[in-house]
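Q:
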Amino acid sequence: MTSTPPQDDKQCLLCGQCLAVCPVFLATGREELSPKAKQHLLRHFRERPEALAEAPVRVLADRCLSCGRCAVACPHHLSVPDALARLRSRHPLWHQWVWRRWIEQGRLLWPALAQASRLVPQVVAPEALRPMLRSAASMLAGNRPAPWLRVSHYDKEAGKGQVVLLFAGCTARRIRPRWLHTAKALLRGLGYSIAEGRGFTCCGSTLDHAGIPDAASSARAVNLAVWRAAGRPLLATFCATCHHGLAAYVDDDTLGWADGEREAWRESLRPLSTLWAATTFETREAAPAAIRYHQPCHWYGKDPDLAWLRNAMPGRVTTPGGPVCCGMGGVLQLADAPLSQEVASDCWHHLLPSEAAASPAPDTHSATSGNAPDGQSPDVPGPAGPVTDAHTLRRHSILTGCSGCTLQLTATAPADATVHHWLDIIDPVPAAVSPDACPV
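Be aware that the sequence shown starts at 492, since it is given in my numbering, and climbs by one per residue.
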């Protein structure tokens, strides 16, 4: 069965500018997987749907990370992920059914699968299942490092008289509660009043790109209702993908926007790291001398987290040059796990020296994430989690500012690398304040 996707006003010029930024093409060298090739295929699908079999078109459509870099590079700003999402929605496969339940029922499924990964040693698992086991094991909380940064002075004028709603995202709400606790402590230290954000669900971005538009629309409506009920306050995020998904709400005409409300939503949405104002941080002795930062695709190079980290830890934070994607890709994990792994491998070759990137994490057991010291099984912590100097046992320290990137990089990390979200490395208690006075 075939159907004709909606006609775009502008057509692909086949100029090839997308080739320089597409992580799939850069990792594989296969031009048939590039945005240009997909646009060419989609054009033929629109003009002669009878000439293209559905199965090959769908197979090629699934080989996309939905990072959106192509739309930024394209002279016409054509988005291949958006076009492929429409195609997937018209030809659903089992991927959509699984992914919808993975996102919507993740409060139960994510912790359960993470704990189950402890029970299956990777050395005895079929090779095809090992990537899935590593992904599941990455959801285990792991040990957090001794703090690399501590607040030395809060600018309490930053949040004086202001209310902020914290959009934690699926990962923090389900398996990384310590990120949420640290974020709240920082906001309280800044003088913000924190609105109750109960009811938030997935931002909708991954559901959209998986070709499940009804679920994505429902998620957006729920999140917008929570913001409205809280009085339309500031909306802070600490995940690049969540920020990207929330920013796209203003383009959704089905949400019933009131006059001026789209602009209010756009103005209210802030990355958490932009709220510090004149707050200062001090680098602790535990901080590595060299820190590699992975820039999430959805910041498209304009990364506020990186700017703040470089300012907070001058001379320590560096990044690879050019577009480097972790390979997460949402539904790509189901459609083509080997391709996801290939992109991840290419990412590590850019993040680390070649000899480190060539040494994959050992498949000795499934309980360790990339963050646990050798020979230790990470446990699932409470709000703060156990503290360890695990980074001193590893040569390479990686930070990022996206929940999905954190999990994917943890799952694919070489044996001598640790991966953390930047919230993992902050002590929100000022140096001059006793721990009992922590604003958590």
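Every residue gets a Cβ at the ideal spot worked out from N, C-alpha and C, and that includes glycine. The structure displayed is predicted, hence computed values, not measured ones.
Quick one: Cα of Ala863 to Cα of Ala632, how far?
A: Confidence in Ala863 is poor, its pLDDT being 33 and thus under 50, which makes the residue's placement unreliable; the coordinate value appears in the next sentence. About 9 Å.
Q: Please look up how many angstroms separate the CB atoms of Tyr791 and Val589, rounded, as I've assumed it's under 8 Å.
A: Wrong, their Cβ atoms sit about 29 Å apart, outside the cutoff.
Q: Grab me the residues of Lys501's own chain with a C-beta within less than 6 Å of its C-beta, minus the 5 sequence neighbours each way, in chain order.
A: His567.
Q: Identify the residues that DSSP records as bridge partners of Arg641: which are they?
A: Bridge partners of Arg641: Glu773 and Asp918.
Q: Ignoring anything shorter than 3 residues, give me the beta strand (DSSP E) runs that lie fully in the stretch 762-826, in order along the chain.
A: Listed in chain order, they are 771-774 and 782-785.
Q: I need the straight-line Cα distance from Ile917 to Gln606, nearest angstrom please.
A: Cα to Cα, the separation comes out at about 27 Å.
Q: Kindly examine the ligand MG and report whether one of its heavy atoms sits closer than 7 Å to the Cβ of Arg554.
A: You won't find the ligand MG in this model; it holds no ligand whatsoever.
Q: Please determine, among Leu575, Ala716 and Pro814, the residue with the shortest C-alpha to C-alpha distance to Trp748.
A: The residue with the shortest Cα to Cα distance from Trp748 is Ala716.
Q: Do Arg886 and Asp915 have their C-beta atoms within less than 8 Å of each other?
A: No, these two residues do not count as a Cβ contact at 8 Å.
Q: Take Cys693 and list the residues in its own chain whose beta-carbon comes closer than 7 Å to its own, dropping the five residues that flank it on each side.
A: Closer than 7 Å at Cβ, skipping near neighbours: Ile594, Cys661 and Ala710.
Q: Quick test of your reading: Thr903 and Ala835, contact by CB under 8 Å. State the CB separation rounded to the nearest angstrom.
A: Going by Cβ atoms, the distance from Thr903 to Ala835 rounds to 4 Å, so yes, they are a contact pair.
Q: How many Å lie between His535 and Leu599 at the Cα?
A: Cα-Cα distance, rounded: 43 Å.
Q: Quick check on Arg539: does DSSP put it in helix, strand or coil?
A: If DSSP states are grouped into helix, strand and coil, Arg539 belongs with coil.
Q: Who pairs with Ile889 in a beta bridge, going by DSSP?
A: Ile889 pairs with Arg783 and Val910.
Q: Using 8 Å for Cβ pairs, my map puts Asp743 next to Gly892. What's the rounded Cβ distance?
A: Going by Cβ atoms, the distance from Asp743 to Gly892 rounds to 25 Å, so no, they are not a contact pair.
Q: Is Leu505 helix, strand or coil by DSSP?
A: Coil.
Q: Give the DSSP-derived three-state secondary structure of Thr692 in the structure shown.
A: If DSSP states are grouped into helix, strand and coil, Thr692 belongs with coil.
Q: How should Trp585 be labelled, buried or exposed, when 16 other C-beta atoms within 10 angstroms of its C-beta is the threshold for buried?
A: So Trp585 counts as exposed.
Q: Identify which residue in Ala686, Tyr784 and Met630 has its Cα closest to the Cα of Pro602.
A: For Pro602, the nearest C-alpha among the options comes from Met630.
Q: Per the DSSP calculation, Ser570 is bridged to which residue(s)?
A: Paired residues: none, contrary to the question.
Q: Under a three-way DSSP split, which group does Ala727 fall into?
A: Residue state, collapsed to three classes: strand.
Q: What are the partner residues of Phe658, as DSSP defines its beta bridges?
A: Answer is Thr728, bridged to Phe658.
Q: Counting only runs that start and end within the stretch 663-709, where is the alpha helix (DSSP H) found for 4 or more residues in a row?
A: For the stretch 663-709, whole alpha helix (DSSP H) runs of length 4 or above, ordered along the chain, are 668-680 and 696-700.
Q: Measure how close the beta-carbons of Gly895 and Thr673 come, nearest whole angstrom, since I'm counting them as under 8 Å.
A: The Cβ separation is near 19 Å, so there is no contact.
Q: Determine the DSSP secondary structure at Leu715, reduced to helix, strand or coil.
A: It is helical.
Q: Please check the pair Ala706 and Leu746, which I expect to be a contact at CB under 8 Å, by giving their CB distance rounded to whole angstroms.
A: Not confirmed; about 15 Å, so no contact.
Q: Please state if the CB of Leu578 and the CB of Ala552 are separated by a distance shorter than 8 Å.
A: Going by C-beta atoms, Ala552 is nearer than 8 Å to Leu578.
Q: Can you tell me the Cβ-Cβ gap for Gly751 and Val654, rounded? I've got them flagged as a contact below 8 Å.
A: 19 Å between Cβ atoms; not a contact.
Q: How big is the Cα-Cα spacing for Thr909 and Gln786?
A: Going by the C-alpha atoms only, they are around 16 Å apart.
Q: Is Gly520 buried or exposed, if buried means 16 or more other CB atoms sit within 10 Å of its CB?
A: Classification for Gly520: exposed.
Q: Do the CB positions of Thr810 and Leu797 come within less than 8 Å of each other?
A: The answer is yes: Cβ separation under 8 Å.
Q: Roughly how many angstroms lie between the CA atoms of Ala769 and Ala649, to the nearest whole one?
A: About 8 Å.
Q: List the residues that DSSP assigns as beta-bridge partners of Pro829.
A: DSSP lists no partner for Pro829.
Q: Where do the N-terminal and C-terminal ends of the alpha helix (DSSP H) with Arg592 fall, by residue?
A: First-last of the alpha helix (DSSP H) with Arg592: Trp585 to Glu595.
Q: Need the endpoints of the alpha helix (DSSP H) that Ser525 sits in, please.
A: No alpha helix (DSSP H) holds Ser525; DSSP gives it neither H nor E.
Q: Have a look at Cys561 and Pro921 and give me their C-alpha separation to the nearest angstrom.
A: So the two alpha carbons sit approximately 43 Å from each other.
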